[in-house]
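Take the sequence shown: its letters are residues 1 to 297, numbered as in UniProt numbering. Encoded as structure tokens, the structure appears first; notes follow it.
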Amino acid sequence: MEGIWGSALIQVAVAQLMAVDWSKVFGTGIKILLILVLAFIIMRLGDAAVERFFNNWNKLGPVDSRRAQTLRTLLRSGLHYTVYFIAMVTILNLFGVRVEAILAGAGVVGLAVGFGAQNLVRDVITGFFILLEDQFAVGDYITAAGVSGTVEEMGLRVTRLRDFGGELHIIPNGQITQVTNHSRGNMRALVEVGVAYEENLDRAIDVLQKVCEQAARDMADIIAEGPHVLGVVNFGQSDVVIRIIAYTKPMQQWYVERELRRRIKETFDREGIEIPYPRRVVMTMSGGARSDQVSGW
Numbered sequence: 001m002e003g004i005w006g007s008a009l010i011q012v013a014v015a016q017l018m019a020v021d022w023s024k025v026f027g028t029g030i031k032i033l034l035i036l037v038l039a040f041i042i043m044r045l046g047d048a049a050v051e052r053f054f055n056n057w058n059k060l061g062p063v064d065s066r067r068a069q070t071l072r073t074l075l076r077s078g079l080h081y082t083v084y085f086i087a088m089v090t091i092l093n094l095f096g097v098r099v100e101a102i103l104a105g106a107g108v109v110g111l112a113v114g115f116g117a118q119n120l121v122r123d124v125i126t127g128f129f130i131l132l133e134d135q136f137a138v139g140d141y142i143t144a145a146g147v148s149g150t151v152e153e154m155g156l157r158v159t160r161l162r163d164f165g166g167e168l169h170i171i172p173n174g175q176i177t178q179v180t181n182h183s184r185g186n187m188r189a190l191v192e193v194g195v196a197y198e199e200n201l202d203r204a205i206d207v208l209q210k211v212c213e214q215a216a217r218d219m220a221d222i223i224a225e226g227p228h229v230l231g232v233v234n235f236g237q238s239d240v241v242i243r244i245i246a247y248t249k250p251m252q253q254w255y256v257e258r259e260l261r262r263r264i265k266e267t268f269d270r271e272g273i274e275i276p277y278p279r280r281v282v283m284t285m286s287g288g289a290r291s292d293q294v295s296g297w
């Protein structure tokens, strides 16, 4: 009995094979092979065009390597996905599959997903334009979304900032509506020095100018301009305020300010120029005799 069923199945299979239009099958196979080869060639040509584009861009001016690599990857991925999609649709058409119905269903699903992923799409688009416009780069000190810190990592969806306290802030790019970059161009260092009213201002300014000239020589690698003594800018309760400014390389302004204050304090002590501080006078009466005592706060 089993032999009879096996013989029948073989006959049916042979009949089915005889009924197949092998010329059509081979023709379809050749078409699929040509589509795949053509897709491969288009992707290779597209990759070469992307590489040439970025090579020419580098010749026009310096481009951050991380940003260029990100954009290059995005363009190549977009090209590959587009070619894959077109090749798949073309092959399905060869087999008589109704691609229109599939696309309609995918459109409905994509619309539903899109409503639930609006923030994600906004983050990615914003991140793309941040990279494209070179608003900031890794290592820059910026203020964004109410947070200040050094950029440790930047991607299409989020940016990671490390503040001075060591805390890591992860900011979705969609929340970055305004960026203040503190690392582009020369930065200003400002120091204000209080001098006692009893001091000779011309002498104090001359001493400060000599301190600034020495600092400019010692820190020539980080000071781009100055320091300059602007002169008297304010009259305090117990001091005359003299302002000094300098322009430094990015992220060096705070170091220059600290170093100038240290040098000014040491020089004033050596030259006998007083930096005033609040004082308190205490008067005591003892047996009709008065004694005065002066002390600082």
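Idealized CB from N, CA, C, for every residue including glycine. Because the structure is a prediction, the values reported are computed rather than measured.
- Around the beta carbon of Asn200, fewer than 16 other beta carbons sit within 10 angstroms, so the residue counts as exposed.
- Rounded to whole angstroms, Arg72 and Thr177 show a C-alpha spacing of 25 Å.
- The criterion of a C-beta distance shorter than 8 Å is not satisfied by Tyr247 and Asn181.
- In terms of Cα proximity to Gly231, the closest of Val240, Asp221, Ile32 is Val240.
- Leaving aside the five residues that flank Glu51 on each side, the residues in its chain whose CB is nearer than 8 Å to its CB run, in chain order, Arg72.
- Approximately 20 Å separates the beta-carbon atoms of Asp134 and Val147; this is outside 8 Å, ruling out the contact.
- An exposed status is given to Asn119, since fewer than 16 other beta-carbon atoms sit within 10 Å of its beta-carbon.
- The beta carbons of Val193 and Glu257 sit no closer together than 8 Å.
- Beyond the five residues adjoining it in sequence on each side, Leu75 comes within less than 6 Å, by CB distance, of Val50 in the same chain, given in chain order.
- DSSP links Ala144 through a beta bridge to Val147, Val179.
- Counted as a single uninterrupted DSSP element, the stretch harbouring Val229 is not any alpha helix (DSSP H) but the beta strand (DSSP E) occupying residues 223-235.
- Here Glu51 carries a helix assignment [DSSP, helix/strand/coil].
- Your pair Val233 and Cys212 does not check out as a contact, with CB atoms roughly 16 Å apart and the cut at 8 Å.
- Going by DSSP, Arg160 is part of the beta strand (DSSP E) stretching over 158-162.
- With contacts defined by Cβ atoms closer than 8 Å, Ile171 and Ile205 do not form a contacting pair.
- The residue among Arg261, Ser238, Arg160, Leu260 with its C-alpha nearest the C-alpha of Pro278 is Ser238.
- Gly29 and Phe95 have their alpha carbons spaced roughly 11 Å apart.
- With respect to the 8 Å criterion, Ile245 and Ala189 are classified as neighbours on the basis of their beta carbons.
- Ranked by Cα distance from Arg203, the first of Phe235, Val124, Glu274 is Glu274.
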